[in-house]
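Take a look at the structure set out below.
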Amino acid sequence: MATGRTHRPATRSRGIPEATVARLPLYLRALTALSERSVPTVSSEELAAAAGVNSAKLRKDFSYLGSYGTRGVGYDVEYLVYQISRELGLTQDWPVVIVGIGNLGAALAGYGGFASRGFRVAALIDADPAMTGKPVAGIPVQHSDDLEKIINEDGVSIGVIATPAGVAQQVCDRLVAAGVTSILNFAPTVLSVPDGVDVRKVDLSIELQILAFHEQRKAGEEAGAESGPETGTDTGAPTAPPAARTAGGSRKGPDGDVPAVMPA
Numbered sequence: 010m011a012t013g014r015t016h017r018p019a020t021r022s023r024g025i026p027e028a029t030v031a032r033l034p035l036y037l038r039a040l041t042a043l044s045e046r047s048v049p050t051v052s053s054e055e056l057a058a059a060a061g062v063n064s065a066k067l068r069k070d071f072s073y074l075g076s077y078g079t080r081g082v083g084y085d086v087e088y089l090v091y092q093i094s095r096e097l098g099l100t101q102d103w104p105v106v107i108v109g110i111g112n113l114g115a116a117l118a119g120y121g122g123f124a125s126r127g128f129r130v131a132a133l134i135d136a137d138p139a140m141t142g143k144p145v146a147g148i149p150v151q152h153s154d155d156l157e158k159i160i161n162e163d164g165v166s167i168g169v170i171a172t173p174a175g176v177a178q179q180v181c182d183r184l185v186a187a188g189v190t191s192i193l194n195f196a197p198t199v200l201s202v203p204d205g206v207d208v209r210k211v212d213l214s215i216e217l218q219i220l221a222f223h224e225q226r227k228a229g230e231e232a233g234a235e236s237g238p239e240t241g242t243d244t245g246a247p248t249a250p251p252a253a254r255t256a257g258g259s260r261k262g263p264d265g266d267v268p269a270v271m272p273a
């Protein structure tokens, strides 16, 4: 079976827009669910609804793959699963190394969705000597001193960083120097990488802050609706929800009791 170090997806050479690439996993997830229910075909409208996009955008995305469906029939589910999997590079083996085996790293190591989607956790790495040899999700943790050796021996091209922010850039530099060209970053910091290296950032605290913004806005709208325009009591000024304050009335800082990145 091919590995990630010898074959790379064809998306860039085929000129598929990044926005389309970002939606392909959504289509694949919806199609996989249909396949598991033995659904043979699906219309663009049904698939778009399942993926959370509009049907016109879906048809445009699929045109980049050369799939146009059959009028009155729709798309062949199994063929689309194969086609999108191939385009994303999921028909080959992608060994992945996870660096930083704290709560989040351990949770990622135990995530069953990696193997079913073409990713193999090749190694778990941590700088703490006490972690060396300790099995996590059935995989023994290896010391960070062996990072470069592990990457070379396993042909790793995808690295996952789940370390504290203070050491994330150093870990990133070592991964890149050892030949890793794609990084999934869970550390609450922005990484600097050279051209040719792709970084995807996942920061759960940012997502929660965005949700908090919407909750605050909804609360303000509800308060305005209750007071009514004739009272003049609704100033429109945002108010912080009670959870954003400590018992003494002071606000918690952004790095207070809630960690910047929380385990899945």
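Residue numbers (the numbering used here): 10 to 273. Just so it is clear, CB atoms sit at the ideal spot from N, CA and C, and this is done for glycine as well. Computed from a predicted structure; not experimentally measured.
Would you decide whether residue i is buried or exposed? Buried here means 16 or more other CB atoms lie within 10 Å of its CB.
{"i": "Ala-228", "result": "exposed"}
{"i": "Glu-96", "result": "buried"}
{"i": "Tyr-36", "result": "buried"}
{"i": "Ile-192", "result": "buried"}
{"i": "Asn-194", "result": "buried"}
{"i": "Gly-109", "result": "buried"}
{"i": "Val-105", "result": "buried"}
{"i": "Ile-170", "result": "buried"}
{"i": "Thr-244", "result": "In this prediction, Thr-244 has a pLDDT of 49, which is less than 50 and means its spatial position is unreliable; nothing more can be read from the coordinates."}
{"i": "Val-48", "result": "exposed"}
{"i": "Tyr-84", "result": "buried"}
{"i": "Gly-121", "result": "exposed"}
{"i": "Thr-29", "result": "buried"}
{"i": "Gly-75", "result": "exposed"}
{"i": "Thr-172", "result": "buried"}
{"i": "Val-145", "result": "buried"}
{"i": "Ile-219", "result": "exposed"}
Going by DSSP, name the residue or residues bridged to residue i.
{"i": "Phe-128", "result": "Trp-103"}
{"i": "Gln-151", "result": "Ile-134"}
{"i": "Val-51", "result": "Tyr-84"}
{"i": "Val-108", "result": "Ile-134 and Ile-170"}
Give the secondary structure of residue i by DSSP, where H, G and I count as helix, E and B as strand, and everything else as coil.
{"i": "Asp-85", "result": "strand"}
{"i": "Asp-135", "result": "strand"}
{"i": "Thr-79", "result": "strand"}
{"i": "Pro-26", "result": "coil"}
{"i": "Gly-168", "result": "strand"}
{"i": "Val-90", "result": "helix"}
{"i": "Pro-144", "result": "strand"}
{"i": "Asn-63", "result": "coil"}
{"i": "Arg-46", "result": "coil"}
{"i": "Gly-114", "result": "helix"}
{"i": "Gly-119", "result": "coil"}
Residues in the same chain with beta-carbon distance under 6 Å from residue i, minus the five sequence neighbours each way, listed in chain order, please.
{"i": "Thr-198", "result": "Ala-174 and Ala-177"}
{"i": "Ser-153", "result": "Ile-134 and Ala-136"}
{"i": "Gly-142", "result": "Pro-149"}
{"i": "Thr-190", "result": "Ser-166 and Val-206"}
{"i": "Arg-183", "result": "Leu-156"}
{"i": "Lys-210", "result": "Asn-194"}
{"i": "Ala-196", "result": "Ile-170, Thr-172, Ala-174 and Ala-177"}
{"i": "Gly-114", "result": "Ile-107 and Ala-171"}
{"i": "Gly-187", "result": "The amino acid occupying residue 187 in the given sequence is Ala; Gly does not appear at that position. Excluding residues within five positions, the ones whose Cβ falls inside 6 Å are Glu-157 and Ile-160."}
{"i": "Tyr-73", "result": "Ile-25 and Thr-29"}
Counting only the same chain and skipping the five closest in sequence on each side, list residues whose C-beta sits under 8 Å from that of residue i.
{"i": "Ile-159", "result": "Val-106, Ala-131, Ala-132, Ile-134, Gln-151 and Val-165"}
{"i": "Glu-61", "result": "Residue identity check: residue 61 is Gly in the sequence provided, not Glu. For Gly-61, where only same-chain residues beyond five positions count, the Cβ hits under 8 Å are Leu-35."}
{"i": "Ala-39", "result": "Leu-56, Ala-59 and Ala-60"}
{"i": "Pro-203", "result": "Val-185"}
{"i": "Glu-27", "result": "none"}
{"i": "Asp-163", "result": "Pro-104, Val-106, Ala-131 and Ala-132"}
{"i": "Thr-41", "result": "Val-90"}
So, at 7 Å on beta carbons, what are the nonlocal neighbours of residue i in its own chain, with the 5 sequence-adjacent residues on each side left out?
{"i": "Cys-181", "result": "Ile-170, Ile-192, Leu-200 and Val-202"}
{"i": "Leu-43", "result": "Val-51 and Val-86"}
{"i": "Asp-70", "result": "Thr-29 and Arg-32"}
### Task
Output the residue ranges of the alpha helix (DSSP H) runs that lie fully inside the stretch 170-237 and measure 4 residues or longer, sorted by chain position.
174-186 and 213-236
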